[in-house]
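See structure below.
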Amino acid sequence: MDLDRSRPPSAVPSLKRSSERGARSAIVAFVSTVAFFGAFAVVVVNSEAWPAFRNQFFNGDVFVDAWPIVVSGFWLDIQMFVVAEIAILAFALLLAAIRALRGPAFFPLRMLVIAFIDLIRGIPIILLILLLGFGLPALRLTGVPNSPLFWGVVALIISYSAYTAEVYRSGIESVHPSQVMSARSIGLTQTQALRHVVIPQAVRNVVPALLNGLVSLQKDVALVYILGVREAVREAQIITARSFNYTPYVITAVLFLLISVPVARVADWYTERDRERRAGQS
Amino acid sequence: MSTKLELERVTKSYGDVVVLDEVDLAVADHDVVCLIGSSGSGKSTLLKCVDLLLPIDSGRVVLDGDMISGPDVDADLVRQRLGIVFQSFNLFPHMSVAENITLGPRKVLGVDPAEARDRALGLLGRFGLADKADDYPDRLSGGQQQRVAIVRALAGGPELMLLDEVTSALDPELVAEVLGVIRELKDEGMTMLIATHEMGFARDIADTVCFLDQGRILEQGPPERIFGEPIEQRTREFLERIISAGRL
Ligand SMILES: Nc1ncnc2c1ncn2[C@@H]1O[C@H](COP(=O)(O)OP(=O)(O)OP(=O)(O)O)[C@@H](O)[C@H]1O
Ligand SMILES: [Mg+2]
């Protein structure tokens, strides 16, 4: 897309003026932001409740005690996140691919996948974590892991895969049927057409939606705290129960923010770039 | 001369609408047969039925002596023996030109990637596209995209090419380069069944012209006769409409 070419020459001076105006408004925005939050901070810090508030949430001694423990719990959150995300992206794609197969031979498999997706999407994720995380280890089955951590992560994978499969499906449906016809016409089988022609285009179309899911999973891994898994939230809860101080929770929140804010920014940046690329193409 | 393709009483309907009505058609080896007829007469449907992209309701399709219609046929195997090109190119946008062309040979025929690429480059060179091998389709003009689509259909070594209005989506100045490719294929002896609105081209290249009307082949014969002295009233009306639209 080349907008400059269509812009009349007379527009150039006004363009320059508008960029000066842009610089001035940026300065105004900066000054007013600093003034506003500065005034807000002064009011808060000088209020009567501030010392108690600070002690409750930003206590230095508790911070020093809790930091290494919460950080090591957070490391477990990150590991769960990475393992679960990889499994979700793969498993959900398999579900969506099965759902996209046509023909009577695949009917039973397709129905199974649809029933699975509907069922899982209808259950609150926390319930699934409780059911699998407490229920399955209690069975004491041989040859099956007994750790709540394992089943908690499995519950996350199952739940997120059902949603992610629907994301992939919308991508698959966005690929024009003539692409499938072309693929079949050069002799590809249905599964080859799906694998080489439909899915690569479908995945490209849903990367922004997949990134959204990633941002949300990064926080939801903390839900397995309810099983007693000693990740960051659980560690913070234990310390808080002992010290009657909420600083460990603040530490946990900051740790999650350190990851999720950059990821959200990258996701936004990518989505925007992708949108521009598409606009430029058509 | 033996028959490459034969349709016997082929019928196809969408619900109550009969789109192909007991069509009989034969294409001899190395011959070019052009299908003409107004929009909706069933030309595209006929080509897709031959390529088994659509199931027929009744009748028989015979390719080089093999019955290819019916439930026991491996459609994927048959499609390797045929090449089809559509009006709207339908190149795979996420693959380079060379990848588009080698996908079929690599995945279907199991040709070694390097060898498939060599062959693709050879074909591209013959049709003046040698420098486009590693470009993506959205970088090509419509005429170039359509020539790539023809090369892609040729890459599997088809016995018969099916072309469905391959120039209709092109700007007028790009039509000639695509028609040139088809002429070249005819000179090499390729058997082709071509649906077209380009009457001048049909008159020029066809050994036989078939006039399709409401799903039936109303009249067929050598181009001089169909265009010169059509027998059927509806053929005459169709050709008059074409002439008054300035397309003949
Ligand atoms: N999927 C479909 N469902 C129902 N009717 C269809 C479908 N596809 C095509 N038809 C109908 O079948 C008839 C023949 O269509 P076809 O595309 O074969 O005509 P055509 O001769 O290729 O026309 P054109 O010159 O416009 O390409 C038309 O009446 C069309 O409306
Ligand atoms: Mg058509």
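Going line by line, the protein sequences match chains A and B.
Residues 1 to 282 (our numbering) make up the first sequence, in order.
Residues 1001 to 1248 (our numbering) make up the second sequence, in order.
Using N, Cα and C, we set each Cβ at its ideal position, and we do this for glycine too.
In this text the structure is predicted, and so the values were computed from the model without any measurement.
- Using a CB distance below 9 Å, the part of the stretch 166-180 of chain A facing chain B consists of H176, S178 and Q179, ordered along the chain.
- Contact check for E235(A) and G73(A): beta-carbon distance about 4 Å, within the 8 Å limit, so the pair qualifies.
- These are the residues, in chain order, with a beta carbon less than 5 Å from any non-hydrogen atom of ligand 1: Y1014(B), V1019(B), S1039(B), G1040(B), S1041(B), G1042(B), K1043(B), S1044(B) and T1045(B).
- G1189(B) sits away from A1155(B), with the two beta carbons spaced by 9 Å or more.
- The alpha-carbon of Q1214(B) is positioned some 31 Å away from that of L1174(B).
- Non-local C-beta neighbours of L76(A) in its own chain, meaning closer than 6 Å and more than five positions away in sequence, comprise E231, ordered along the chain.
- When DSSP states are grouped into helix, strand and coil, R273(A) belongs to the helix group.
- The nearest non-hydrogen atom of ligand 2 is 8 Å or more from the C-beta of A1169(B).
- Unbroken alpha helix (DSSP H) runs of no fewer than 4 residues, entirely contained in the stretch 128-209 of chain A, are found at 136-139, 148-173, 177-185 and 190-193, following chain order.
- Where S1044(B) is concerned, there is no enclosing beta strand (DSSP E), although the alpha helix (DSSP H) around it starts and stops at K1043 to V1050.
- Ranked by Cα distance from V1209(B), the first of T1235(B), G1059(B) and D1076(B) is T1235(B).
- The distance from the Cβ of I1231(B) to that of E1240(B) is about 15 Å, inconsistent with a contact at the 8 Å cut-off.
- Close CB contacts of I1056(B) within its chain, under the 8 Å cut and outside five residues either way in sequence, are with V1010, T1011, K1012, L1020, C1049 and S1069 (chain order).
- By the C-beta density criterion, T247(A) is buried, having at least 16 other C-beta atoms within 10 angstroms.
- Beyond the five residues adjoining it in sequence on each side, L258(A) comes within less than 6 Å, by CB distance, of no other residue in the same chain.
- Around the beta carbon of Y168(A), 16 or more other beta carbons sit within 10 angstroms, so the residue counts as buried.
- K1107(B): member of the alpha helix (DSSP H) spanning V1097 to K1107, first to last residue.
- A direct Cα-Cα distance of roughly 43 Å separates A1169(B) from L112(A).
- Taking one beta carbon from each stretch, the stretch 169-176 of chain A and the stretch 1076-1085 of chain B have fewer than 3 pairs nearer than 8 Å; the two do not touch.
- Three or more beta-carbon pairs separated by less than 8 Å are not found between the stretch 140-153 of chain A and the stretch 238-256 of chain A, which leaves the two stretches without contact.
- For the C-beta of R204(A), the chain B residues within less than 8 Å are, from N- to C-terminus, H1094.
- Close partners of T189(A) in chain B (Cβ separation under 7 Å): D1076.
- The beta carbon of L1091(B) falls within 9 Å of a beta carbon belonging to chain A, placing the residue at that interface.
- Residue state for E1022(B) is assigned as strand, using DSSP reduced to three classes.
- Taking the C-beta atoms as reference points, L1052(B) is found no nearer than 9 Å to L1160(B).
- The stretch 1087-1106 of chain B and the stretch 179-194 of chain A touch, with three or more beta-carbon pairs separated by less than 8 Å.
- Under the DSSP assignment, R1152(B) falls in the alpha helix (DSSP H) whose first and last residues are G1142 to L1154.
- Residue pairing for A1195(B): DSSP places it in a beta bridge opposite L1035(B) and D1164(B).
- Taken through DSSP and simplified to helix, strand or coil, R1236(B) comes out as helix.
- The three-state reading of DSSP puts V28(A) in helix, counting H, G and I together.
- For F1086(B), the residues of chain A that pass the 9 Å Cβ criterion are S178, M181, S182 and S185, in the order they occur in the chain.
- Exclusion of the five residues before and after G1221(B) leaves T1208 and V1209 as the residues of its chain whose Cβ lies within less than 8 Å of its Cβ.
- R1119(B) and S178(A) have their C-alpha atoms roughly 26 Å apart.
- Boundaries of the alpha helix (DSSP H) around I69(A): G60 to A100.
- Under the Cβ criterion of 9 Å, V207(A) is not counted among the residues facing chain B.
- Contact of P104(A) with chain B is not assigned, every C-beta pair being separated by 9 Å or more.
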